[in-house]
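Reviewing the structure listed below.
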Amino acid sequence: MADTLYGVTMQEHGISKIVSVKFQETEREEDAPRGAYGQAGRLP
């Protein structure tokens, strides 16, 4: 899995902006706290 995601936005015609998002490691699903029904909290 990637540590950083890079992209380019263009909010106005002819004006580009480089953006990046850095990810950090989180708990694996089996280590995550359980929800009300004993399932890991994730969307269907």
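For the sequence shown, our numbering gives the first residue as 58, with consecutive numbering after it. Heads up, the beta-carbon is just placed ideally off N, CA and C, and yes, glycines get one too.
Over what stretch of residues does the beta strand (DSSP E) that includes Gly64 continue unbroken?
-> Thr61 to Glu69
Which whole-angstrom value describes the C-beta separation of Tyr63 and Ile75, a residue pair presumed to lie in contact below a C-beta threshold of 8 Å?
-> 7 Å
For Asp31, collect the residues of the same chain with a Cβ closer than 7 Å to its Cβ; drop the 5 residues on either side in sequence, then sort them by chain order.
-> The chain is shown from 58 up to 101; residue 31 falls before or after that span and cannot be answered.
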